[in-house]
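Working notes, structure below.
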Amino acid sequence: MSVPDYMQCAEDHQTLLVVVQPVGIVSEENFFKIYKRISSVSQISVRDSQRVLYIRYRHHYPPENNEWGDFQTHRKVVGLITITDCFSAKDWPQTFEKFHVQKEMYGSTLYDSRLFVFGLQGEVAEQPRTDVAFYPGYEDCGTVEKRIEDFIESLFIVLESKRLDRATDKSGDKIPLLCVPFEKKDFVGLDTDSRHYKKRCQGRMRKHVGDLCLQAGMLQDSLVHYHMSVELLRSVNDFLWLGAALEGLCSASVIYHYPGGTGGKTGARRFQGSSLPAEAANRHRPGALTTNGINPDTSTEIGRAKNCLSPEDIIDKYKEAISYYSKYKNAGVVELEACVKAVRVLAIQKRSMEASEFLQNAVYINLRQLSEEEKIQRYSVLSELYELIGFHRKSAFFKRVAAMQCVAPSISEPGWRACYKLLLETLPGYSLSLDPQDFNKGTHRGWAAVQMRLLHELVYASRRMGNPALSVRHLSFLLQTMLDFLSDQEKKDVTQSLENYTSKCPGTMELITLPDGLTLPPVPFTKLPIVRRVKLLNLPASLRPQKMKSLLGQSMSTKSPFIYSPIIAHHRGEERNRKIDFQWVQGDVCEVQLMVYNPMPFELRVENMGLLTSGVEFESLPAALSLPAESGLYPVTLVGVPQTTGTIAVNGYHTTVFGVFSDCLLDNLPGLKTSGSTVEVIPALPRLQISTSLPRSAHSLQPSSGEEVSTNVSVQLYNGETQHLVVKLENIGMEPLEKLEVTSKILTTKEKLHGDFLSWKLEETLAQFPLQPGKVATFTVSIKVKLDFSCQENLLQDLSDDSISVSGFPLCSPFRQVVRPRVESKPVNPAEGSRPGDLGHVKTLEAILNFKYSGGPGHIEGYYRNLSLGLHVEVEPSVFFTRVSTLPATSTRQCHLLLDVFNSTEHELTVSARSNEELILHAGECQRMAIQVDKFNFESFPESPGEKGQFANSKELEEERQEARGLEINSKLDIHWTIPSLKRTGEASVEGLLSQLVLEHLQLAPLLWDVLVDGQPCDREAAACRVGDPVRLEVRLTNRSPRSVGPFALGVVPFQDHQNGVHTYDLRHAVSFVGSGTFYLDKVRPSGQSACLGALLFLCTGDFFLRIRFHEDSSSKGLPPSWFRLPSVHVRALGAPA
39 MSVPDYMQCA EDHQTLLVVV QPVGIVSEEN FFKIYKRISS VSQISVRDSQ
89 RVLYIRYRHH YPPENNEWGD FQTHRKVVGL ITITDCFSAK DWPQTFEKFH
139 VQKEMYGSTL YDSRLFVFGL QGEVAEQPRT DVAFYPGYED CGTVEKRIED
189 FIESLFIVLE SKRLDRATDK SGDKIPLLCV PFEKKDFVGL DTDSRHYKKR
239 CQGRMRKHVG DLCLQAGMLQ DSLVHYHMSV ELLRSVNDFL WLGAALEGLC
289 SASVIYHYPG GTGGKTGARR FQGSSLPAEA ANRHRPGALT TNGINPDTST
339 EIGRAKNCLS PEDIIDKYKE AISYYSKYKN AGVVELEACV KAVRVLAIQK
389 RSMEASEFLQ NAVYINLRQL SEEEKIQRYS VLSELYELIG FHRKSAFFKR
439 VAAMQCVAPS ISEPGWRACY KLLLETLPGY SLSLDPQDFN KGTHRGWAAV
489 QMRLLHELVY ASRRMGNPAL SVRHLSFLLQ TMLDFLSDQE KKDVTQSLEN
539 YTSKCPGTME LITLPDGLTL PPVPFTKLPI VRRVKLLNLP ASLRPQKMKS
589 LLGQSMSTKS PFIYSPIIAH HRGEERNRKI DFQWVQGDVC EVQLMVYNPM
639 PFELRVENMG LLTSGVEFES LPAALSLPAE SGLYPVTLVG VPQTTGTIAV
689 NGYHTTVFGV FSDCLLDNLP GLKTSGSTVE VIPALPRLQI STSLPRSAHS
739 LQPSSGEEVS TNVSVQLYNG ETQHLVVKLE NIGMEPLEKL EVTSKILTTK
789 EKLHGDFLSW KLEETLAQFP LQPGKVATFT VSIKVKLDFS CQENLLQDLS
839 DDSISVSGFP LCSPFRQVVR PRVESKPVNP AEGSRPGDLG HVKTLEAILN
889 FKYSGGPGHI EGYYRNLSLG LHVEVEPSVF FTRVSTLPAT STRQCHLLLD
939 VFNSTEHELT VSARSNEELI LHAGECQRMA IQVDKFNFES FPESPGEKGQ
989 FANSKELEEE RQEARGLEIN SKLDIHWTIP SLKRTGEASV EGLLSQLVLE
1039 HLQLAPLLWD VLVDGQPCDR EAAACRVGDP VRLEVRLTNR SPRSVGPFAL
1089 GVVPFQDHQN GVHTYDLRHA VSFVGSGTFY LDKVRPSGQS ACLGALLFLC
1139 TGDFFLRIRF HEDSSSKGLP PSWFRLPSVH VRALGAPA
């Protein structure tokens, strides 16, 4: 016997072997259709008995194995069923002859045989025959199972007769010696009459009867016979048959202990008539041995527990039997099959280590020279047995050996498909899965070196199968999952091979389904490159949408009021899917930043890298990048354009690396950090781009509010200069620009600004709206810088003269100083008498123009955008007013404003005021400028404490009053400067320069006094009169104060001024009063007027001055002296005409 049956199990010892074979030409499909129906009848209950007969069917059985039928009866072919096609009566004799030839092959052992003929009809088919069954076709054969049952009953009748025949041999008859084929030549010439020989014959026959009893369903009888056989054979050292007897004893015990079987077949064996086989065994059964048998005492041993081996004894007896088999070279197949049976029993007993010892012994059993197919079968069965006992890696090893055997060099046509299939079956044993997701769960399992070797073999096998897509998938899997275990050289080799494969068949993300139904999941390259952080970026500040605030307070926070809530789940998935608190805009380019690094020892080229999204139609704009070898974290920005509105989720990214296209999902990236991947996309908005007539600024404004300024421009101006900034507004989006609001904000500055720094008119710009895509509108902004024109504390103290004394205050000076205008001015070096940087210091002003605009669908939803223009203005000093003072004019309604003007520029400069000539100042020169101005009737401010309630305090009230007065005075003065060489001009403001005393001098007094000579005002030039003619003198009072004043008494004192400091008051002989020299004014109500009249007579020619004085009385006390300033009257007396 040279062909082992690796599927044998212990319960096969109780089966009858029936061979089912085709006769002639029968299609494989039809044959196996009938074979399947035949093999379904695997056990039947014996009629009028509680015994069960088991059948084992084989469609192929080597005849040489049949020669061992006496050694173990389950190896003997006792039944033959043949299937044939016959469609005509003339072919029937030839077909029947083939059937007889087939029977002769197993003729010596057959109990019975059957021929199933399909397709033959007519007279021949109607003849009744027991060994032939005719059927019209393979579909019309409903009685096949019934005929098989009848056939098995016939087999049982023969079996039972043989059992009884062998069991009832009389002691007088000579018992034949049963032999295995290789023993026959060894027994030639032996003494058949010796006691030793007879015991051998009895022991072997007893063992043979035990086999027959076991096949006939008499379990306890077989146990008795096996025990007796063991004792007989052990006494004569017949080791081969002793091993067979022990194995038979083990098989019967296994059948008793494990009624479900050990071969792994579905369903347990059925024992009819009782629930347990022991119950049936303990009852006397028809056909059991009687006192007419070999041993008259056997009936007393039936049912005794000692006849059945315990589970532990079964294994010991298997070991003993195998040790006896091993003594015989020609019994290698029996030894091997015994090992397999023992392993299956141990697997049920869960004794894996002992089972492995049996298997290890089976590995080293030498059989004849096996064919490659037999080697493959042997290694495959070893693999399955190791799998059965839980030795998964050992199982995988033998499965892999079987796979390599399929493509051995000695095979003319290597079976690469079979090799590939077997290699796939080894994967679980090496803790290897073809799903890359399994490698993201914790630490690596298994031996990486062995796993890499196996994956390489899968790649090679799939390539030899002619399936390049499969090769690419396995090689991609190797690179993705084993990257950490590959050396630098191996990484280069694997990637080079992968590029060679993908040049012919690119890698995809589609499932690959194998012919046997196994599907290979896609392998995304999540490690090429490795992504550590994903961050969705907000739109640039100029493009960020903002929601218009409603009266209902839509911007109220919906966050929990609790600092911590245990209900909040901090799971990774929830954290990742959290919605981000900014919005993207439909149609605008959106960005996602990835922090990646390259783990390869060479430059990694990543092509077609883009975003994977859901929820919104999204146009991904792929990028290509090249990462240096073993780079650190490297930022990569992926962009795309959402085409619709809604909530978009960034699920991952896609790449093409080494020709393999990968979809990498964020959920499958281990160690990934992200602040969220879901964001809202709002409807489309227009996009505004601004350009200006000014150059861009190198200074980037940083508002304290944190806003970002998209564009910064700069300009250099002199203090007081005005510049027009032209802003071009271009709609570069796809939606019309419908709404525009412009606001400005001056950043925090220490400088005091006078007037409007930025001003504009929006009406002309809005007239061009809605601004369609691609269109441009213009917008003009006036930049006017009016800072403080004072010289701070660097007063030029050489502007003094002793000619005229004028009372005033130097601006911002901590001390009072008398300012005397000098006759001629001289240039002053600004560096003298001043600290560095005070006069020539360049000051900076910064402001932001904010454009709030909207349009399109986004405007309907209440969204807008902000675009900011930063303005950086460097203000160089132009002129300074170093001193401001006043001189009284001839009229009480006027005064002279004295300004000391200093040119702080490096150019010649002219200064002019309203109705004044231009004053030319050289660089660094200072001159005094006198401007005659009408006194101002300032608007009244609340004075009483009750009226000051609208202001916070008196200081604020005073500041308001000062600013209002300064603005009014400055508008009347209209002082301008011009630099002719630069063609630049500007204003010069005295706002903030005027002290309280100067303001009082510039303000009309509450009591206005007018003196008229002959009805003409005399405050501008001398009044002319004739000597001897009376001169009428009138004094008028206008009360502008809020209360009544008077009455007043005024005295007129004439005098002459000799222009040398000498005044003459004794003019009794030159001037005479007509009437009284004292004038009386009655009480004057608020806003009322009063006048008094008098006359004088000049007796000689000359220039006379009249000084009007108030008499000290109670009515004038308590009023300020400034209320009683009357103009000096100059009268020129002329001689009478000739």
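Per this note's numbering, the sequence shown starts with residue 39, numbered consecutively.
Glycine included, every Cβ here is placed at the ideal spot set by N, Cα and C.
Subject >> Length of the line joining the Cα atoms of Gly-648 and Ala-661 >> reply: Here the question's residue 648 lines up with position 610 in the sequence shown. Here the question's residue 661 lines up with position 623 in the sequence shown. Rounded to whole angstroms, Gly-648 and Ala-661 show a C-alpha spacing of 6 Å.
Original post:
Would you report the Cα separation of Ser-235 and Tyr-363, rounded to the nearest angstrom?
Top reply: Taking the first residue of the sequence shown as position 1, residue 235 is located at position 197. Taking the first residue of the sequence shown as position 1, residue 363 is located at position 325. In the sequence on display, residue 235 carries Tyr and not Ser. When rounded, the distance between both Cα atoms is 21 Å.
**OP:** Count the other CB atoms, across all protein chains shown, that sit within 10 Å of the CB of Glu-49; report buried if there are 16 or more and exposed otherwise.
**Re:** Sequence index remark: in the sequence shown, residue 49 carries index 11 (1-based). With 16 or more Cβ atoms within 10 Å of its Cβ, Glu-49 is classed as buried.
**OP:** Assign Leu-250 to one of three DSSP states: helix, strand, or coil.
**Re:** Position 212 of the sequence shown, counting from 1, holds the residue named residue 250. Here Leu-250 sits in helix by DSSP.
Original post:
In or out: Thr-1255 buried (at least 16 other Cβ within 10 Å) or exposed?
Top reply: Because the chain in this structure spans residues 39 to 1176, residue 1255 falls outside the shown range and cannot be described.
Original post:
Over what stretch of residues does the beta strand (DSSP E) that includes Lys-890 continue unbroken?
Top reply: One-based indexing of the sequence shown puts residue 890 at position 852. It spans 881-892 - the beta strand (DSSP E) in which Lys-890 sits, taken as one unbroken run.
Original post:
How many Å lie between Asp-1120 and Gln-1127 at the Cα?
Top reply: Within the sequence shown, the letter at position 1082 stands for residue 1120. Within the sequence shown, the letter at position 1089 stands for residue 1127. So the two alpha carbons sit approximately 10 Å from each other.
**OP:** Answer with buried or exposed for Arg-113, where buried requires no fewer than 16 other C-beta atoms within 10 angstroms of its C-beta.
**Re:** Here residue 113 refers to the residue found at position 75 of the sequence shown. Around the Cβ of Arg-113, a 10 Å sphere holds 16 or more other Cβ atoms; the residue is buried.
Original post:
DSSP state of Trp-279, grouped into three classes?
Top reply: Taking the sequence shown and counting its residues from 1, one reaches residue 279 at position 241. DSSP places Trp-279 in helix when its eight states are reduced to three.
Subject >> N-terminal and C-terminal residue of the beta strand (DSSP E) that Glu-1072 is part of >> reply: For the purposes of this step, residue 1072 is taken as the residue at position 1034 of the sequence shown. First-last of the beta strand (DSSP E) with Glu-1072: 1068-1077.
**OP:** Give me the Cα-Cα distance between Leu-1005 and Phe-974, rounded to the nearest whole angstrom.
**Re:** Position 967 of the sequence shown holds residue 1005. Position 936 of the sequence shown holds residue 974. Rounded to whole angstroms, Leu-1005 to Phe-974 spans 12 Å at the Cα level.
Subject >> Euclidean distance between Cα positions of Arg-321 and Pro-349 >> reply: Taking the sequence shown and counting its residues from 1, one reaches residue 321 at position 283. Taking the sequence shown and counting its residues from 1, one reaches residue 349 at position 311. The predicted model places Arg-321 with a pLDDT of 33, which falls under 50 and marks its position as unreliable, so this point remains unresolved.
Subject >> Through-space distance from Glu-946 to Arg-1163, alpha-carbon basis >> reply: Counted from its first residue, the sequence shown places residue 1163 at position 1125. Counted from its first residue, the sequence shown places residue 946 at position 908. Taking the straight line joining both Cα atoms gives about 42 Å.
**OP:** For Ile-76, name the three-state secondary structure that DSSP assigns.
**Re:** On the sequence shown, position 38 is the one that residue 76 refers to. Assignment of Ile-76 by DSSP, reduced to helix, strand and coil, places it in the helix class.
**OP:** Please say whether Glu-963 and Asn-941 have beta carbons closer to each other than 8 Å?
**Re:** Mapped onto the sequence shown, residue 941 falls at position 903. Mapped onto the sequence shown, residue 963 falls at position 925. Taking 8 Å as the Cβ cut-off, Asn-941 and Glu-963 qualify as a contacting pair.
Original post:
If we ignore side chains and look at the alpha-carbon of each, how far apart do His-1168 and Val-1073 end up?
Top reply: Your numbering for residue 1168 matches position 1130 in the sequence shown. Your numbering for residue 1073 matches position 1035 in the sequence shown. Going from the Cα of His-1168 to the Cα of Val-1073 covers about 14 Å.
**OP:** Could you name the residues of the same chain whose beta carbon sits closer than 6 Å to that of Val-532, not counting the 5 residues immediately before and after it, in chain order?
**Re:** As a first step, residue 532 must be located in the sequence shown, where it is residue number 494. Contacts found: Leu-517.
Original post:
In whole angstroms, what is the alpha-carbon distance linking Val-623 and Glu-629?
Top reply: As a position in the sequence shown, residue 623 is number 585, starting the count at 1. As a position in the sequence shown, residue 629 is number 591, starting the count at 1. Between Val-623 and Glu-629, the C-alpha separation is close to 12 Å.
Subject >> Per-residue burial, Arg-1123 [other beta carbons within 10 Å of its own, 16 or more giving buried] >> reply: Here the question's residue 1123 lines up with position 1085 in the sequence shown. Its Cβ having fewer than 16 others within 10 Å, Arg-1123 is exposed.
**OP:** Compare the Cα-Cα distances from His-295 to each of Leu-270, Leu-215, Gln-258, Pro-553 and report the closest residue.
**Re:** For this step, residue 295 is matched to residue 257 along the sequence shown. The shortest Cα separation from His-295 among Leu-270, Leu-215, Gln-258, Pro-553 belongs to Gln-258.
**OP:** Return the CA-CA distance between Ile-449 and Gln-407, expressed in angstroms with no decimal places.
**Re:** By one-based count along the sequence shown, residue 449 stands at place 411. By one-based count along the sequence shown, residue 407 stands at place 369. The straight-line gap from Cα to Cα measures roughly 15 Å.
Subject >> DSSP state of Phe-1186 mapped onto helix, strand, coil >> reply: Residue 1186 is absent from the model: the chain starts at 39 and stops at 1176.
Original post:
Is Cys-1138 near Ala-1174, with beta carbons less than 8 Å apart?
Top reply: As a position in the sequence shown, residue 1138 is number 1100, starting the count at 1. As a position in the sequence shown, residue 1174 is number 1136, starting the count at 1. The beta carbons of Cys-1138 and Ala-1174 sit no closer together than 8 Å.
**OP:** Leaving aside the five residues before and after Asp-108 along the sequence, list all residues of the same chain whose C-beta is less than 8 Å from its C-beta, in chain order.
**Re:** To locate residue 108, count along the sequence shown from 1; it is residue 70. If you ignore the 5 residues before and after Asp-108, its C-beta comes within less than 8 Å of the C-beta of Lys-114, Leu-216, Cys-217, Val-218, His-246, all in its own chain and listed in chain order.
**OP:** Report yes or no: do the segment 392-405 and the segment 375-384 share at least 3 C-beta pairs separated by less than 8 Å?
**Re:** The answer is yes - the segment 375-384 touches the segment 392-405, with three or more Cβ pairs under 8 Å.
Original post:
How long is the line joining the alpha carbons of Arg-1081 and Val-1028, rounded to whole angstroms?
Top reply: Position 1043 of the sequence shown, counting from 1, holds the residue named residue 1081. Position 990 of the sequence shown, counting from 1, holds the residue named residue 1028. Going by the C-alpha atoms only, they are around 32 Å apart.
Original post:
Hey, how far is the Cα of Phe-429 from the Cα of Leu-492?
Top reply: If you number the sequence shown from 1, residue 429 lands on position 391. If you number the sequence shown from 1, residue 492 lands on position 454. So the two alpha carbons sit approximately 18 Å from each other.
Original post:
DSSP beta-bridge partners for Ser-1166?
Top reply: Residue mapping note: residue 1166 aligns to position 1128 of the sequence shown, counting from 1. Answer is none; Ser-1166 lacks a bridge partner.
**OP:** Leaving out five residues on either side along the sequence, give the residues of the same chain with a beta carbon under 7 Å from the beta carbon of Gln-1097.
**Re:** The residue given as residue 1097 occupies position 1059 in the sequence shown. Contacts found: none.
**OP:** Let me know the secondary structure DSSP gives Leu-849 once reduced to three states.
**Re:** In the sequence shown, counting from the first residue as 1, residue 849 sits at position 811. Residue confidence is low: Leu-849 scores 33 on pLDDT, short of 50, so the model does not pin down where it sits. Its coordinate-derived value is still stated next. Note: Leu-849 maps to coil in three-state DSSP.
Original post:
With 16 as the cutoff for other CB atoms within 10 Å, does Asp-43 come out buried or exposed?
Top reply: By one-based count along the sequence shown, residue 43 stands at place 5. When all chains shown are included, Asp-43 counts as buried.
**OP:** Could you check how far apart the C-beta atoms of Asp-938 and Arg-921 are, in whole angstroms? I think they sit under 8 Å.
**Re:** What you label residue 938 is simply residue 900 of the sequence shown in a count that begins at 1. What you label residue 921 is simply residue 883 of the sequence shown in a count that begins at 1. About 4 Å separates the beta carbons of Asp-938 and Arg-921, which is inside the 8 Å limit, making them a contact pair.
Original post:
What separation, rounded to the nearest whole angstrom, lies between the Cα atoms of Gly-678 and Val-572?
Top reply: The residue labelled residue 678 in the question sits at position 640 within the sequence shown. The residue labelled residue 572 in the question sits at position 534 within the sequence shown. Approximately 15 Å, taken between the alpha carbons.
**OP:** Please say whether Trp-130 and Leu-158 have beta carbons closer to each other than 8 Å?
**Re:** Counted from its first residue, the sequence shown places residue 158 at position 120. Counted from its first residue, the sequence shown places residue 130 at position 92. Yes.
Original post:
DSSP three-state call for His-934: helix, strand or coil?
Top reply: Here residue 934 refers to the residue found at position 896 of the sequence shown. In this structure, His-934 counts as strand in the three-state DSSP scheme.
**OP:** Would you kindly check if the distance between the Cβ of Gln-253 and the Cβ of Gln-52 is under 8 Å?
**Re:** Here residue 52 is taken as the residue at index 14 of the sequence shown, counted from 1. Here residue 253 is taken as the residue at index 215 of the sequence shown, counted from 1. A contact, by the Cβ cut-off of 8 Å.
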